[in-house]
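S.K.: Okay, here's the structure, questions in a sec.
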Amino acid sequence: MFSAFKGKLDKDQVWNCSIYDASNVNMARMEVIWEEELKRNPRSPSLFRALFRFIRTRLYTACAVFLFCLVFGFIGPTCLIRGLVQFAERPPAEGDSINYRYGFFLVFSICLVEVARVLSYGATWAVSYRTGIRVRGALLGLLFKRLLSIRSLGKKTSAEVINMFANDGQRLFDAVTFAPLVIIGPLVLVGGVAYLLTVVGRWSLLGITVFFIFDVIQYGLGKTMVRYRNNAIEKTEKRISLMGEIIRCIRIIKINCLEESFSKKIEQMRHAEKLDIRTAGYAQSLAIACGPVVPVVAAILTFLGVVLSGNDLLASDAFSAITVFFVMLFGIRMIPYGSRYLAEAIVAVRRIQEILLVSESSTPPTEATPVNTDQNGAFCLDNITLNIRKKELTGICGAVGSGKSALLNSVIGHMFPVSGEVEVGGTFAYVPQTPWIQSATVQENILFGSSMNSQRYYKAVSSCQLTKDLETLAAGDQTEIGERGATLSGGQKARVSLARAIFAHKDIYLLDDVLASLDKKVRGLECSSTQSSNALFICLIRDDLRLETRSLKKLFVTFCRVRLC
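With UniProt numbering, the residue at position 124 of the sequence shown is 124, and numbering never jumps.
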């Protein structure tokens, strides 16, 4: 905590999460539940039912613990505080001494009940937080795995998918966290109404009416908040989609001097989005601000009715009634938060379900008139027979556009065989033609989230001839790389990407024209360094790139034919 306060806490110093909260474990369990849901209800599967099966045990546990919290909070004012006030206001009989033991017993019991209430309240949040972590990891992991297997997003755009990972995961977490409070909280109203009718009498109906009016107001504000939040989510997705198109076409926009018009368009969309968010925020703030006033108004009206009717109001009854009113508020004050989070989570689950239900089959091409063309057409390779053994360095050579990358994509699984089979034995690492570099240090780009292994790390660095490059950098492998590797040359980015694959320590390495970015000397050293490896290397080579055949154990030369099918 002190390191975090000083700002020197690194993510490697933080403990790993429990294995029971790990994303891969919960994703596998959620996948099994979702497949069972698809088998049970093939026509109308529901991700809500699957999600409920996933969390029902922990949800019941959290609800039970929170119910204990409310019970302890209710026992204190109704029994103990009322008894203590009665003990204080009742004078001892003549000749009798004050029974201090009974008073101390009541005080000790109040402290004990409050400790139990606080502990059960904290336990509710602890269980709910861990449940939210599991739900977020499971659904986002299942969504990511599904995205890797489908061929198209259907009606969804990439911006909407990014928004799911960026925002919907947190919405699911918040909804699961507040669910026990929303479910069990209103039950305290039942106990409060019964107690007030018993102790105060029919005049407590005035205070109870105030609470019910507040509930109606909360319901209306909640509906308003949900409506504007849903509108804001839709506008956010449209704005993100437009921003993605602007970033992709930024050169054309700059050339044609369209920056101002697009800026105004984004500002208008953002203004409309902020207006909905602000309205939803006002509704939530109003619901929260009314909360502390409700018990006070309810108590004043109740006591005023009792006194004006000529009845006696005992101090013990008044104190306990006020405390019960505040306990009732404690049970329902989280409803504005919970209703908002649940509404957002419902929208998020529906969006995720749409992706999970996308068919894996490709969309058939449709004829378009009057132009002779195909929409949704797919390029395919045919008449290919390829058998590569282990411990071989294989090169695939061909002209530009001949289908070398397509052949590699079929091995990875990004292209699906219409007929025939693609069998890959073992794990593989893929190095794309354009190196993917994240804005982090050189070491973090090579580790790519894996734990540090010094022997493998320095072997990967030396094998990819990165040692001299690291010596030229100011902070060595701790040098921060700019956006998309702006501080590195093309060859350095290629070597970092290749070192990442070698550090992964896989059985098969797929290199998509990586050697083209390297000079002849470094290319020869890297090819020779693979000779001592027991892994299988498949390397794509451009037709204008001359490699000595002795650096390859096997050279497979092909000019793939690509046709529209």
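Beta carbons: idealized from backbone N, C-alpha and C, even for Gly.
Take Gly425 as the anchor and find which of Pro417, Gln433, Pro432, Ile412 has the nearest alpha-carbon.
M.R.: Among Pro417, Gln433, Pro432, Ile412, the Cα nearest to that of Gly425 belongs to Ile412.
S.K.: Whose C-beta lies closer than 8 Å to the C-beta of Phe428 among residues of the same chain, with five residues either side of it excluded?
M.R.: Correct list, in chain order: Val411, Ile412, Lys506, Asp507, Ile508, Tyr509, Leu510.
S.K.: Output the distance between the C-alpha atoms of Glu354 and Arg248, rounded to the nearest integer angstrom.
M.R.: So the two alpha carbons sit approximately 26 Å from each other.
S.K.: When the Cα atoms are used, what is the spatial distance from Lys235 to Lys274?
M.R.: Straight-line Cα distance between these residues: approximately 9 Å.
S.K.: Give me the Cα-Cα distance between Gly201 and Cys111, rounded to the nearest whole angstrom.
M.R.: Their Cα atoms are separated by approximately 29 Å.
S.K.: In the structure shown, what three-state DSSP assignment does Leu393 receive?
M.R.: Three-state result, Leu393: strand.
S.K.: Which full runs of the alpha helix (DSSP H) of 4+ residues lie inside the region 202-266, going along the chain?
M.R.: Qualifying alpha helix (DSSP H) stretches, in chain order: 204-248, 250-255.
S.K.: Going by DSSP, what residue range makes up the alpha helix (DSSP H) through Ala504?
M.R.: It spans 490-504 - the alpha helix (DSSP H) in which Ala504 sits, taken as one unbroken run.
S.K.: Cβ of Leu221 within 9 Å of Cβ of Ala287?
M.R.: Cβ distance < 9 Å, so Leu221 and Ala287 count as in contact.
S.K.: Across which residues does DSSP place Phe428 in a beta bridge pair?
M.R.: Ile508.
S.K.: Once the 5 residues before and after Arg546 are set aside, which same chain residues still bring their CB inside 6 Å of it?
M.R.: Caution is warranted here: a pLDDT of 47 is assigned to Arg546, below 50, making its placement in the model unreliable, and the coordinate value is therefore given only provisionally. So the list is empty, once near-sequence residues are dropped.
S.K.: Of all the options Glu480, Ala50, Val461, which has the alpha carbon lying nearest to the alpha carbon of Ala494?
M.R.: The candidate whose alpha carbon is nearest that of Ala494 is Val461.
S.K.: Rounded to a whole number of angstroms, what is the C-alpha to C-alpha distance between Gly476 and Lys6?
M.R.: Cα to Cα, Gly476 sits roughly 25 Å from Lys6.
S.K.: Whole angstroms are fine: how far does the CA of Gln492 sit from the CA of Ala134?
M.R.: Sequence check: residue 134 is Arg here, not Ala. Between Arg134 and Gln492, the C-alpha separation is close to 39 Å.
S.K.: Take Thr385 as the anchor and find which of Leu393, Val422, Leu51 has the nearest alpha-carbon.
M.R.: That would be Val422, whose Cα lies nearest to the Cα of Thr385.
S.K.: Return the residue from the list Val306, Ser44, Ala315, Cys397 that minimises the CA-CA distance to Gln86.
M.R.: Per the Cα distances, Ala315.
S.K.: Report the rounded CA-to-CA distance for Pro432 versus Val514, giving the unit in angstroms.
M.R.: Cα to Cα, the separation comes out at about 7 Å.
S.K.: If you count every other CB in all the chains shown that lies within 10 Å of the CB of Gly420, and 16 or more means buried, which is it?
M.R.: Exposed, by the Cβ-count rule.
S.K.: Nearest-angstrom Cα distance between Ile75 and Phe303?
M.R.: Taking the straight line joining both Cα atoms gives about 22 Å.
S.K.: Have a look at the DSSP bridge pairing and note the partners of Glu36.
M.R.: According to DSSP, Glu36 bridges with nothing at all.
S.K.: Please list the terminal residues of the continuous alpha helix (DSSP H) segment that includes Ile110.
M.R.: 100-149 is the span of the alpha helix (DSSP H), which, as asked, contains Ile110.
S.K.: So which of Leu84, Phe48, Val127 has the shortest CA-CA distance to Tyr60?
M.R.: It is Val127 whose Cα lies nearest to the Cα of Tyr60.
S.K.: Counting only the same chain and skipping the five closest in sequence on each side, list residues whose C-beta sits under 8 Å from that of Leu473.
M.R.: Hits under 8 Å: Val442, Thr479.
S.K.: Give the straight-line distance between the Cα atoms of Ser454 and Ala499, rounded to the nearest whole angstrom.
M.R.: Distance between the alpha carbons of Ser454 and Ala499 is about 13 Å.
S.K.: Identify the continuous alpha helix (DSSP H) that holds residue 567 and give its terminal residues.
M.R.: Since the first residue of the chain shown is 1 and the last is 565, residue 567 is not available in this structure.
S.K.: In chain order, what residues of the same chain have a beta carbon less than 7 Å from the beta carbon of Glu114, not counting five sequence neighbours either side?
M.R.: Counting only Cβ-Cβ distances below 7 Å, and skipping sequence neighbours, we find Gly76.
S.K.: Inspect the beta-carbon positions of Asp132 and Phe173 and report whether they are closer than 9 Å.
M.R.: Residue 132 is actually Gly in this sequence, not Asp. Cβ atoms of Gly132 and Phe173: closer than 9 Å.
S.K.: In the DSSP assignment, find the unbroken alpha helix (DSSP H) run with Glu444 in it and report its ends.
M.R.: Counting along the chain, the alpha helix (DSSP H) containing Glu444 begins and ends at 442-447.
S.K.: Grab the span of the alpha helix (DSSP H) containing Pro295 for me, first residue to last.
M.R.: Its alpha helix (DSSP H) spans residues 293-308.
S.K.: Excluding sequence positions up to five away, which residues of its chain have a Cβ less than 8 Å from the Cβ of Ile446?
M.R.: Closer than 8 Å at the Cβ level, and outside the excluded window around Ile446, lie Tyr457, Ala460, Val461, Asp477, Val496, Ala499, Arg500, Phe503.
S.K.: Is the Cβ-Cβ distance between Ala88 and Gly103 less than 9 Å?
M.R.: Closer than 9 Å, so yes.
S.K.: So what does Glu480 bridge to, in DSSP terms?
M.R.: Per DSSP, Thr441.
S.K.: Just how far apart, CA to CA, sit Ser532 and Asn409?
M.R.: Any reading at Ser532 is ruled out, since the residue's pLDDT is 49, under 50, leaving its predicted position unreliable.
S.K.: Going by beta-carbon coordinates alone, are Ala289 and Thr224 separated by less than 9 Å?
M.R.: Not closer than 9 Å, so no.
S.K.: Measure the CB-CB distance between Ala299 and Ala272 and report whether it falls below 9 Å.
M.R.: No, the Cβ-Cβ distance between Ala299 and Ala272 is not below 9 Å.
S.K.: Going by DSSP, what residue range makes up the alpha helix (DSSP H) through Gln433?
M.R.: From DSSP, Gln433 is part of no alpha helix (DSSP H); its letter is neither H nor E.
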